[in-house]
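Chains R and S supply the protein sequences, listed in that same order. Here the first sequence is numbered in UniProt numbering, starting from 1 and rising by one per residue. Here the second sequence is numbered in UniProt numbering, starting from 1 and rising by one per residue. One structure below.
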Amino acid sequence: MSTAGFNSQNGTGTGQTYANGPSQNPVAPQQLPGVGYGMAHQPTYNPMQAKAPPPPAHPGLYPSGPYQPVTPVCSYQPGPPHTSYPAASGQSLLTRPLMGGPPSRTPPQSASPGPRVPAAHATPPPPAVSSSGYYTNPQHPMAPAWQYNAAPQPMGPPATISTPPRGPVAGHVNPASSSTGPPPSTAYSPAPPPPPHVSHNVTQPPGPGMSRSPQHGYTQPGTAPPPMTPMAPHAYQPNRAPYGPPPTGPPPPTMKPAPLPIGLPMATNATPPPPRADGVPPPQPGTPGLHLGHYPSLPPGYQNTGYQNASAPHNATSPMHPAMQHATQPYTQAPPPYQQPHGGPGPAQLSPSLAAMSLQSTTPEALRVVNLLQERNLLPPTPIPAPTPCLQQDLQKINCHPEVFRSTLTSIPQTQSLLNKAKMPLGLLLHPFKDLSQLPVVTSSTIVRCRSCRTYINPFVSFLDQRRWKCNLCFRVNDVPEEFMYNPVSRSYGEPHKRPEVQNATIEFIAPSEYMLRPPQPAVYLFILDVSHNAVETGYLTVFCQSLLDNINALPGDSRTKVGFITFDSTIHFYNLQEGLSQPQMLIVSDIEDIFLPTPDSLLVNLNECKELVQDLLKSLPTLFEKTMETQSALGSALQAAYKLLLPTGGRMSIFQTQLPNLGVGTLQSREDPNQRAAAKDVQHLSPATDFYKKLALDCSGQQVAVDLFLLSSQYCDLASLGCISRYSAGSVYYYPSYHHQHTPAQVECFQKDLKRYLTRKIGFEAVMRIRCTKGLSIHTFHGNFFVRSTDLLSLPNVNPDAGFAVQMSIEENLDDMQVVSFQAALLYTSSKGERRIRVHTLCLPVVNSLSDIFAGADVQAITGLLACMAVDRSATASLSDARDAMTNAAIDSLTSYRQSVLTIQQPGLLAPACLRLFPLFILALLKQKAFRTGTSTRLDDRLFAMCQLKYQPLVYAMLMIHPALYRVDDLSDEGALNISERTVPQPRVLQLSVEKLSREAAFLMDAGTVMYLWIGRNCHPNFLTQVLGVPSYATVPDNLYLLPELDTPESQRTRAFVGWLRDQRPFFPSLQVIRDESQLKPTFMQNMIEDRTESALSYYEFLLHLQQQISK
Amino acid sequence: MAFTFAAFCYMLALLLTAALIFFAIWHLVLPEYLIHFFFCVMFFCAAEWLTLSLNLPLLAYHVWRYMSRPVMSGPGLYDPTTIMNADILAFCQKEGWCKLAFYLLSFFYYLYGMIYVLVSS
């Protein structure tokens, strides 16, 4: 159905107005937010949809770590939507009530939400009709219609709906005009500024909302608005209470002032203005916001006075519920599209620009045109959800979770030439071994796979009849094995399509013996510790030994688990831990040129049998080398010894290294010239100096040995060369610059927490991952840590839950007659319990044949992540400046392509579709990221570590590294807070990374992924200092504060809950640095203010101007 | 009609080119480069300037290609960690086909050259 529905949508004009909106609609239904995935992915912004979706919950959902893979369970609300879809006006009424329901659940942010909502679709039809009569653009009507139906009064019965809305509308008329401007903005920018609006509506859903409904105003003020408001209320109702407050008296009035009928297009833009001031505003709720609207310092382009008014009200509201905002926004958004049929005023007033708008209105929200130069507050107030592919809802319902499997383009172009035209990278980002809270596991003697392409049976195959299924990758028709006819879940026979394999896009099989080349290996852990003078100085040994002692029983494994230890300085020390010895025996091998194992049998011992000896060793190790004066490091030889030790079994080596290896094989030279750290020209030495580590890694990979590297060094360590050892053996790299047990307590804590996670996290041994895709697509480049064994097979000696992968794809054959394509990643591994398992993820995406659909499906975060990976490769093979240019060009190319091929009406300014509105920002963030920045002093190792991270981290975490999140934390409140396991977690809104958002009277938390900064303003409210930091005044804030004291005040609890919650969402431990104006770290903090200009880099606005200049060439 | 050194060079090149044709397909890089270098030197000694100039571009390409190979301690041209990337793989294969074509043409050219030298001298 999806396809059909889909097509119709696009194509259709009036009759199925919603069609346009709908194109994404299909998606909407899927969203059933709650259920399957915590996250809301509603990437596409359909204004129309937006309304419906508002589902607010976003914050909660999003964070929720575990995702529930399949959850067929989830009831999705689609039912109504569908009906609504086809059924035109008549049903719409009915649907509305439903609408109310759906919204509530959707968490997604405002921007995206729209699309999914099925309900929304339903509603549209009626309006369409009316509108059509009125307006030339049939499509528009839809939107309005939508509102009518849906909104008028959430509660009110359908009948009432239609009428009531108008009433209100009339009242609002003034607002309407104004609203036109704003609404668009809201829809899409919902994020920052808009939220406020939203909140308003939401908060005062019933009475006030109605009256205000400024946004709608412009079209048919009356009608449109009402729907909006009503919707909102429904959705939020649960939460509302908190929001209620927003009732700014002013807003309604403000609206009127707004009424500038300015061109609609403008309106879209308008949104940005308001936020600006507002963004900060949370604190200043009350103000009408009119003034706020202005951007004082901004370049002229930014100031759209007209909009400001409109926006102002929003702002005022905004303070109230950041979280909510996005939810609300959706509603607001809706308005833009509609031009109210009735709204006599509307049409008349509409300027040409407005007309242009209307044309576009038909397009989905994701394609809403945004003038980046004019819209300022584009950043959504909450984390950005992944866009939802435009699939029919029953497919989307079971589709793979975007945190596990994500595509840069959620609509796959039909041909390579189309893809080339779009100028956007096509690729997949995977997080295949992510910790999942719910994972269906199937034990079966036969795993059903396609006979020709070996694809695992998945939810997207088609059953031709009871006994045959057609592979969705190669289209071969296969027989259904007898055993598969029986469904173990329902204990019924003859329903192969109800089997868990066919119901879950993420599933795990227990593999039978055909999937083993040898008996599953035991868990083997070998620790290789640097004990040179330098290492002892850092004091890491104590922390390591203590951590291992604490977690020794939590090491994943079974009764066969083995451990071993090697230490090294200029010689290699082995430890004989054989059962029966009274104490560990150290064996020293000083012949590092020709390394050998002194007693091959007793160096790796069974952990359970020799636990006491191991514990003895760990207790004595830190003191054993206390007095060492040996400064040399023979890492290469130690690695060779370790390789020999693990050769027969495979397993994991963990290297702890604190200096440049300078003895024996694998010796490295210091290549960094400290004077060149800030060089604006090219950075040298980004590629390895020797292939020793790479070759060793490949040998390790062949023997199923993975090497994890912990680098704790204040000196240059040549991570470019050393990192190869982990990169090609599927290990991970941890880097603690300047680690010292006394001087850098934050690093110590970080190291401790990371070690704990490292030692106890799940692990898979002797793994391989194969990524298959539908015939016609092919994978051409892989990113991540692994060795590529054949064109689609990754060899992963170890796989861990924190590893992310990316692949680039090309389209080799036209996908002409396909509606959807599928991708399947199958990870075969040995669990720490010695079980062979296969984890299979399948993702299904629609195929489209128009550029606008491709743009509508673009996932800006995934694109950014993939571009970052590509840029890392480019810096190594070509040069850093090349990589930087390539990233800038990526932005220019795709926006140019959008402008030339998709936009029918040329307007001045830097235009981007709503779904790509953050693209230039993210590109700029990448250019200013440690990995790629130039002109700012950056240590080579820091840079290389950032590069490793960009390639290795799953997208969610990589995005935080690229574009940190900034929150104001001195006024945390419980409004919109999440309740997680009885803790209340406040949800402040995400602020733009600009100094203008900072205020001396406040405190801000910047979450940069691996580190968090708490910036304290000079005039920060004393309340915050005493209640949260436990210090009496600003001057007494210690410089090296890295912990929030556990005070028994509500402020402290809120702040700690929030920080703790942020930390819980990621597998590594971000350290917290408290920063004052005088702090040495202040520059580091300020460097993350990526929208501001630095000596060596453009500000966001300048960057946009640069892009515009390039594009209009 | 005399069997000159030039004729000998052409004959040798003829035989070796036949080997090169296979090496280009199988990507035996080092033997291929060495053989090609070898008969370039032979042509130089035989003062067959035209033939030499036809081969010089390829010789220069080989030198450049080997100089810009990935960092590795042993001999070789292909890096096992990147060769499976489709774009690099595709490039190497295209390179192989182009050389195959070149060697095939040179094979006939050498045949012609050998006969021509034999006949003319």
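Positions of the beta carbon are idealized from the N, C-alpha and C atoms, including for glycine.
Own chain, CB closer than 6 Å to residue i, minus 5 neighbours either side, in chain order
{"i": "F805 of chain R", "result": "L430, G784"}
{"i": "I115 of chain S", "result": "none"}
{"i": "A1097 of chain R", "result": "K928"}
{"i": "R1054 of chain R", "result": "L972, P986"}
{"i": "T1010 of chain R", "result": "P1070"}
Residue j beta carbon less than 9 Å from that of residue i
{"i": "A825 of chain R", "j": "H841 of chain R", "result": "yes"}
{"i": "G650 of chain R", "j": "Q583 of chain R", "result": "no"}
{"i": "A697 of chain R", "j": "L796 of chain R", "result": "no"}
{"i": "Q503 of chain R", "j": "P432 of chain R", "result": "no"}
{"i": "L428 of chain R", "j": "T506 of chain R", "result": "no"}
{"i": "T599 of chain R", "j": "I510 of chain R", "result": "no"}
{"i": "N800 of chain R", "j": "I763 of chain R", "result": "yes"}
{"i": "L711 of chain R", "j": "F568 of chain R", "result": "no"}
{"i": "I923 of chain R", "j": "A891 of chain R", "result": "yes"}
{"i": "I592 of chain R", "j": "T571 of chain R", "result": "yes"}
{"i": "Y735 of chain R", "j": "L755 of chain R", "result": "no"}
{"i": "E32 of chain S", "j": "K94 of chain S", "result": "no"}
{"i": "N1019 of chain R", "j": "Y1034 of chain R", "result": "yes"}
{"i": "L845 of chain R", "j": "F823 of chain R", "result": "yes"}
Residue of the options minimising C-alpha distance to residue i
{"i": "E1091 of chain R", "options": "R:Q949, R:Q929, R:N1040, R:L903", "result": "R:Q929"}
{"i": "V543 of chain R", "options": "R:L1029, R:K753, R:G1060, R:P425", "result": "R:K753"}
{"i": "Y72 of chain S", "options": "R:G666, R:F596, R:P522, R:L577", "result": "Sequence inspection shows Met at residue 72 of chain S; the Tyr mentioned does not correspond to that position. Of R:G666, R:F596, R:P522, R:L577, the residue nearest in Cα terms is R:G666."}
{"i": "V902 of chain R", "options": "R:F919, R:E482, R:S850", "result": "R:S850"}
{"i": "F765 of chain R", "options": "R:Y735, R:Q715, R:F1024, R:S701", "result": "R:S701"}
{"i": "I725 of chain R", "options": "R:T781, R:L635, R:E813, R:P745", "result": "R:L635"}
{"i": "L529 of chain R", "options": "R:Q659, R:L473, R:P913", "result": "R:Q659"}
{"i": "V820 of chain R", "options": "R:G494, R:G776, R:E749, R:F1085", "result": "R:G776"}
Distance, residue j Cα to residue i Cα
{"i": "C915 of chain R", "j": "H1021 of chain R", "result": "38 Å"}
{"i": "G557 of chain R", "j": "L577 of chain R", "result": "19 Å"}
{"i": "A931 of chain R", "j": "T877 of chain R", "result": "15 Å"}
{"i": "V969 of chain R", "j": "Y758 of chain R", "result": "30 Å"}
{"i": "P70 of chain S", "j": "A965 of chain R", "result": "39 Å"}
{"i": "A1003 of chain R", "j": "L978 of chain R", "result": "21 Å"}
{"i": "I21 of chain S", "j": "L28 of chain S", "result": "10 Å"}
{"i": "I384 of chain R", "j": "A1057 of chain R", "result": "22 Å"}
{"i": "L1107 of chain R", "j": "R884 of chain R", "result": "14 Å"}
{"i": "M629 of chain R", "j": "Y739 of chain R", "result": "19 Å"}
{"i": "A767 of chain R", "j": "M961 of chain R", "result": "28 Å"}
{"i": "P487 of chain R", "j": "R499 of chain R", "result": "Sequence check: residue 487 of chain R is Asn here, not Pro. Their Cα atoms are separated by approximately 5 Å."}
{"i": "L105 of chain S", "j": "M516 of chain R", "result": "49 Å"}
{"i": "P1083 of chain R", "j": "Q414 of chain R", "result": "47 Å"}
{"i": "D601 of chain R", "j": "A925 of chain R", "result": "52 Å"}
Chain-order list of residues whose beta-carbon lies under 7 Å from that of residue i (same chain, five-residue window excluded)
{"i": "M424 of chain R", "result": "T408, L409, A858, I863, S894"}
{"i": "L621 of chain R", "result": "L541, C545"}
{"i": "A678 of chain R", "result": "G935, T936, S937"}
{"i": "R983 of chain R", "result": "A1057"}
{"i": "D1039 of chain R", "result": "S1079"}
Same chain only: Cβ atoms within 8 Å of residue i, ignoring 5 sequence neighbours per side
{"i": "L549 of chain R", "result": "Q615, L618, K619"}
{"i": "P952 of chain R", "result": "It should be pointed out that residue 952 of chain R corresponds to Tyr in this sequence rather than to Pro. Here the set comprises S732, V733, G784, N785, A803, G804."}
> Considering only residues of the region 464-547 of chain R, which uninterrupted beta strand (DSSP E) runs meet the minimum length of 3 residues and lie entirely inside it, listed in chain order?
Replying inline: 468-470, 477-479, 506-510, 524-530
> Hey, which unbroken runs of the beta strand (DSSP E) at 3 residues or more fall wholly within the region 354-412 of chain R?
Replying inline: The region 354-412 of chain R contains these whole beta strand (DSSP E) runs: 369-371, 405-407.
> Got a sec: which bits of the region 15-27 of chain S sit with their beta carbon under 7 Å from any beta carbon on chain B, in order along the chain?
Replying inline: In the displayed structure, chain B is absent; the protein chains listed are R and S.
>> Quick check for students: name the residue ranges of the beta strand (DSSP E) that lie wholly in the region 959-1004 of chain R, counting only runs of 3 or more.
In response: Entirely contained in the region 959-1004 of chain R, the beta strand (DSSP E) runs reaching 3 residues are, in chain order, 965-968, 978-980, 983-985.
> Along the chain, which unbroken stretches of the alpha helix (DSSP H) at least 4 residues long are found entirely within the region 1031-1074 of chain R?
Replying inline: 1050-1064
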